[in-house]
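Engineer: Line by line, the protein sequences are chains A and B. Going by the numbering used here, 564 is the number at position 192 of the first sequence; the sequence numbering is gapless. Going by the numbering used here, 91 is the number at position 90 of the second sequence; the sequence numbering is gapless. Every residue gets a Cβ at the ideal spot worked out from N, C-alpha and C, and that includes glycine.
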Amino acid sequence: MQKQDIIKSFKDSLFTGLIALALFGPIVGLRTASKGEGLFITPQWGVVFLLVGLCILGRFLININSARRTEIKIFSTLSSKFSSITEDKAKHFAITGILFAVVFPFLPFTDRYFMDVAIMILTYIMLGWGLNIVVGLAGLLDLGYVAFYAVGAYSYALIATTFGWSFWICLPLAGLFAAFFGILLGFPVLRLRGDYLAIVTLGFGEIIRIILINWYEVTNGPDGITGIPRPSFFGLPFKRSPDEGEMSFHTFFGLEYSTMHRIIFLYYLILVLALITNYFTLKIRKLPVGRAWEALREDEIACKSLGVNPTNTKLTAFAIGAMFGGFAGSFFATRQAFISPESFTFIESAIIVAIVVLGGMGSQTGVVLASIFLIGITEIFRDLEQYRMIAFGGAMVLIMIFKPKGILANRKPTILMHGDKK
Amino acid sequence: MSNLLSVEKLTMKFGGLVAIDDLSFDAKNNQITSIIGPNGAGKTTVFNCLTGFYKPTTGQMYLHQADNKVSLRKYTDFKIAHVAKVARTFQNIRLFPAMSVLENLLVAQHNELMIASGYSLYGLLNLKSYRDKEKLAVNKAKYWLDIIGLTHRADDNAGDLPYGDQRKLEIVRAMCIEPKLLCLDEPAAGLNPKESAELNKLLKFIKTEKKTGILLIEHDMSVVMGISDHVVVLNYGKKIFEGTAEQTKKSKEVIEAYLGVDE
């Protein structure tokens, strides 16, 4: 390495330190404490200098590393090994993953907490797969995906609490409602692309949330909807003491009552829903409509010149993506038994988009890995309370540095003329 | 020979700018009609009007079919390709770069495949009728790839092909919609002499074997003079000359438009 490089990176790191000082100085350095009568400022310069020092050091290391034009060896070998494993053996990988997911509830170390985290991760995987149709395949950046999640959850909750219909009737209805809202959003944004589309969809997400808060007569506003019926196991409820003349799950199978039964059932429910989403996406990607989505992402003008109807193509993408969001929403509602607009804020949309983008646009396996990584990391650091978002951000930064195109960014053609050569 | 396309008094204004001024010309069946002219003469604008990307200010464009004539003005956007069967390529290649060569050719057969897949329903059920139709579509793609000699790269990304091959692929992709009229916007731009010779061969093949009328915008005179049956010369949106390639070469107006006039 040349001397200039070192000097240059040193200067750059000092500059970074300056910015860090400007940021950390007031935020961390000046701490307000209430003593007796009023607020006093207690400076914490030691912590500030520690943080600034860390920033300078980190930046310096990154600079030196990039000056050598080689990645940190461990990371590059790790990531290349990792992607070669997943790419070559995509099928084995998927089967192993599914098998693991199937036996997961019965593994010895699995307890209630693990199950809850697993259900959450699966919900995000399903949402990621649903959004992948819109963002990954059709290339329509949708920052308001949570709106469809909310529509699904609320339609399920309202139908189920009003009419008392079973989960299996309400679920498709909720999906249909969400798909309808997908088309509703699709129409005004047909002509928009890229940034403009992103802003309108973001606005749409907020509109739905604000309607949910203010339409008190129907949605019960910020108080949310309570007492959403739990799903039953083909008519057998998960109750400790079933009503007279009624069977419940544990009495029917002659088991000891345990709340875990319901959790395990919910786990399999979301697993099946997610796998259906995945199967459907993989199938439809190979159909003309799927290819038209991808063609639309690549070049809309060329599509028109070949007679592909961009309006219908976009609307189907929005509708189908929204439908899966709606299914996930129904599941969320039935699992929580309580929903309120607070569950459907912009941060949820952002997390789902992050999962799709970081996973590698259009990659189904990538969504799984990104969900496990991002949601898992925030769970591991749950004890740190609000600081766990730092871990979330850190995870994103790490992926973007080492895998700028997403964890798995390979696209396989939907149809092969010469068969699989490798 | 019968007319395939007749353009009548076509005018296109962008605000105060008259891009095409009262242009009339015909293109005949089984012929290559070239539109040439200096930069900014309005050639691509003519194409954009014909293929529905612009709506002309005034004037008519008719496509003659077996016994009736279809006004292209009625169709906009994707319907020009879908219903009127006018295909086009672009000055700056517009392939789907991240999709494979074969997929590019299948997207061109989207509408037929969409019907065959029962708007995805039969496709999801994996019915035989759809699989057969898909096989036919792949065979059609293979037929065209054989002609341009790219069959061995069918599964590679279109964006990874060399420039000359991308040009050819874009042309056969347009041919996959089975057009009546094929509009090519500078297909020889950026090609080396060997590649433009291959292009000439391909265009002649399309003309004679596929009985497709070709409308061609081109700057490369070796291509224009080599294959055109009819040449229309534009300057500042007006037609200044129309005739065979030989006549065009000798035309005083054309030489003046390209090289300027002695004071």
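With a threshold of 7 angstroms between beta carbons, is V108 of chain B in contact with chain A?
Structural biologist: So yes, V108 of chain B belongs to the interface.
Engineer: Run the CB neighbour count on I692 of chain A, radius 10 Å, all protein chains shown included, and call it buried at 16 or more, exposed below.
Structural biologist: By the 10 Å Cβ count, I692 of chain A comes out buried.
Engineer: Within a Cβ cutoff of 7 angstroms, which residues of the same chain sit near L51 of chain B, ignoring the five residues on either side of it in sequence?
Structural biologist: Counting only Cβ-Cβ distances below 7 angstroms, and skipping sequence neighbours, we find M62, L73, V87 and C184.
Engineer: What span of residues does the beta strand (DSSP E) with Y63 of chain B cover, start to end?
Structural biologist: Run containing Y63 of chain B: T59 to H65, per the beta strand (DSSP E) assignment.
Engineer: What number of angstroms, rounded off, separates the C-alpha of A664 of chain A from the C-alpha of L103 of chain B?
Structural biologist: Spanning the two alpha carbons is a distance of roughly 13 angstroms.
Engineer: Counting only beta-carbon separations shorter than 7 angstroms, does A510 of chain A have a partner in chain E?
Structural biologist: Absence of chain E from the displayed structure is noted, the protein chains being A and B.
Engineer: Does the CB of E672 of chain A have a neighbour CB from chain B at under 7 angstroms?
Structural biologist: No, its Cβ sits nowhere closer than 7 angstroms to a Cβ of chain B.
Engineer: In or out: N435 of chain A buried (at least 16 other Cβ within 10 Å) or exposed?
Structural biologist: Flag for N435 of chain A reads buried.
Engineer: So that I know if they touch, is there some Cβ in chain A lying closer than 7 angstroms to that of L6 of chain B?
Structural biologist: False, the Cβ-Cβ gap to chain A never drops below 7 angstroms.
Engineer: Does the beta carbon of M733 of chain A come closer than 7 angstroms to any beta carbon on chain B?
Structural biologist: No, its Cβ sits nowhere closer than 7 angstroms to a Cβ of chain B.
Engineer: Quick one: is E589 of chain A buried, meaning 16 or more other Cβ sit within 10 Å of its Cβ, or exposed?
Structural biologist: When all chains shown are included, E589 of chain A counts as exposed.
Engineer: Using a Cβ-Cβ cut-off of 7 angstroms (strictly less than) and excluding sequence neighbours within five positions of G502 of chain A, which residues of its own chain qualify?
Structural biologist: T649, G693, F696, G697 and A700, listed in sequence order.
Engineer: At a cut-off of 6 angstroms, would you count N31 of chain B as near the ligand SAM, judging by its Cβ distance to the nearest heavy atom?
Structural biologist: This structure lacks the ligand SAM, and indeed carries no ligand of any kind.
Engineer: Is there at least one Cβ from chain B nearer than 7 angstroms to V544 of chain A's Cβ?
Structural biologist: A small correction: the amino acid at residue 544 of chain A is Pro; Val does not occupy that position in the sequence shown. So, not an interface residue.
Engineer: Please identify the residue among A:K380, A:W417, A:E670 and A:G410 whose C-alpha is closest to the C-alpha of P398 of chain A.
Structural biologist: Answer by Cα proximity: A:W417.
Engineer: Within 10 angstroms of its Cβ, does T598 of chain A collect 16 or more other Cβ (buried), or is it exposed?
Structural biologist: Per the 10 Å Cβ criterion, exposed.
Engineer: Determine whether the Cβ of K794 of chain A lies closer than 7 angstroms to any Cβ atom of chain B.
Structural biologist: Residue placement at K794 of chain A is flagged as unreliable, the pLDDT there being 41, under the threshold of 50; the coordinate-derived value follows with that caveat. Not one chain B Cβ lies under 7 angstroms of K794 of chain A.
Engineer: Please classify D147 of chain B as buried or exposed, where buried requires at least 16 other C-beta atoms within 10 Å of its C-beta.
Structural biologist: Flag for D147 of chain B reads exposed.
Engineer: Check the Cβ-Cβ distances between E666 of chain A and every residue of chain B, and say whether any is below 7 angstroms.
Structural biologist: Output row for E666 of chain A: interface = yes.
Engineer: Are the C-beta of K796 of chain A and some C-beta of chain B separated by less than 7 angstroms?
Structural biologist: Residue coverage of chain A in this structure runs from 373 to 794, which leaves residue 796 of chain A outside it and unanswerable.
Engineer: From the beta carbon of D78 of chain B, is the nearest beta carbon of chain A less than 7 angstroms away?
Structural biologist: Chain A, which has a Cβ nearer than 7 angstroms to the Cβ of D78 of chain B, makes this yes.
Engineer: Measure from the C-beta of I149 of chain B to each C-beta in chain A and report whether the shortest distance is under 7 angstroms.
Structural biologist: Not closer than 7 angstroms to any Cβ of chain A, the Cβ of I149 of chain B fails to qualify, so no.
Engineer: Examine the Cβ distances between the segment 130-144 of chain B and the segment 673-684 of chain A and report whether three or more of them are shorter than 8 angstroms.
Structural biologist: Not touching, per the Cβ criterion.
Engineer: Helix, strand or coil for R602 of chain A? Go by DSSP, reduced to three states.
Structural biologist: Reduced to three states, the DSSP call for R602 of chain A is coil.
Engineer: With a floor of 4 residues, list each alpha helix (DSSP H) that falls wholly inside the segment 95-181 of chain B, ordered by position along the chain.
Structural biologist: Qualifying alpha helix (DSSP H) stretches, in chain order: 102-108, 111-117, 122-126, 129-149 and 164-176.
Engineer: According to the Cβ coordinates, are L668 of chain A and A570 of chain A closer than 7 angstroms?
Structural biologist: No, the pair does not count as a contact, with Cβ atoms beyond the cut-off.
Engineer: Going by beta-carbon coordinates alone, are R95 of chain B and D671 of chain A separated by less than 7 angstroms?
Structural biologist: In this structure, D671 of chain A lies closer than 7 angstroms to R95 of chain B by Cβ.
Engineer: For E628 of chain A, count the other beta carbons within 10 Å of its own beta carbon; 16 or more makes it buried, fewer makes it exposed. Which is it?
Structural biologist: Result: exposed.
Engineer: If you run the structure through DSSP and keep just helix, strand and coil, what is M487 of chain A?
Structural biologist: It is helical.
Engineer: Can a CB atom of chain A be found closer than 7 angstroms to the CB of H231 of chain B?
Structural biologist: No, no contact with chain A.
Engineer: Would you please verify whether the beta carbon of N112 of chain B is less than 7 angstroms from any beta carbon of chain A?
Structural biologist: Answer yes: the Cβ-Cβ gap between N112 of chain B and chain A drops below 7 angstroms somewhere.
Engineer: Going by DSSP, name the residue or residues bridged to I271 of chain B.
Structural biologist: Limits of chain B in this structure are 2 at one end and 264 at the other, which puts residue 271 of chain B out of reach.
Engineer: Buried or exposed: L6 of chain B, going by 16 or more other Cβ atoms within 10 Å of its Cβ?
Structural biologist: L6 of chain B should be labelled buried.
Engineer: How many angstroms separate the CA atom of N504 of chain A from the CA atom of L545 of chain A?
Structural biologist: Cα-Cα distance, rounded: 22 angstroms.
Engineer: Considering only the beta carbon of each residue, do V728 of chain A and V507 of chain A sit closer than 7 angstroms?
Structural biologist: It is a contact, given that the beta carbons lie within the stated cut-off.
Engineer: Any chance you could list the alpha helix (DSSP H) runs of at least 4 consecutive residues sitting entirely within the segment 469-555 of chain A, in chain order?
Structural biologist: Listed in chain order, the complete alpha helix (DSSP H) runs (minimum 4 residues) inside the segment 469-555 of chain A are 484-504 and 518-535.
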